[in-house]
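Trainee:
Numbering (our numbering), first residue to last: 26 to 120.
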């Protein structure tokens, strides 16, 4: 994270936010793909546990922040989208 001495604006602009989101999505997708890989010794048990924790954490964070039902639904849908994309990367459709 930039510190107070950086010369950039205090609030990131939209292009900065988009760039940061892109990096976060790449990190998330790579991490999820590694964790969800079922070829390991545990057959994906750890991955399923992590998926449960992610879903639970998103719901808890939405509650903690007092998000509206609409914002909470959007956050949960985005989490599912990321999870689905990671799974599709691991197990691409042959059709």
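Using N, Cα and C, we set each Cβ at its ideal position, and we do this for glycine too.
Tell me whether residue 102 is buried or exposed, calling it buried when 16 or more other Cβ atoms sit within 10 Å of its Cβ.
Mentor: exposed
Trainee: Straight-line CA distance for residue 104 to residue 83?
Mentor: Their Cα atoms are separated by approximately 8 Å.
Trainee: So which of 60, 109, 110, 87 has the shortest CA-CA distance to residue 99?
Mentor: 87
Trainee: Quick one: residues in its chain with C-beta nearer than 7 Å to the C-beta of residue 55, no 5 flanking neighbours on either side, listed in chain order?
Mentor: none
Trainee: May I have the straight-line CA-CA distance separating residue 76 from residue 111, to the nearest angstrom?
Mentor: Here the alpha carbons of residue 111 and residue 76 stand approximately 11 Å from one another.
Trainee: Taking only runs that begin and end inside the stretch 34-103, name each unbroken alpha helix (DSSP H) of 4 or more residues, in chain order.
Mentor: 39-61, 70-90
Trainee: Assuming contact is defined by CB atoms lying nearer than 9 Å, are residue 115 and residue 61 in contact in what I supplied?
Mentor: Annotated as proximal: residue 115 and residue 61, with beta-carbon spacing under 9 Å.
Trainee: Please report how far the alpha carbon of residue 74 lies from the alpha carbon of residue 50, in whole angstroms.
Mentor: 20 Å
Trainee: Take the Cβ of residue 29 as the centre, count every other Cβ of all protein chains shown within 10 Å, and call the residue buried at 16 or more, exposed below.
Mentor: With a pLDDT of 48 at residue 29, under the threshold of 50, the modelled position of this residue cannot be trusted; read the value that follows with caution. So residue 29 counts as exposed.
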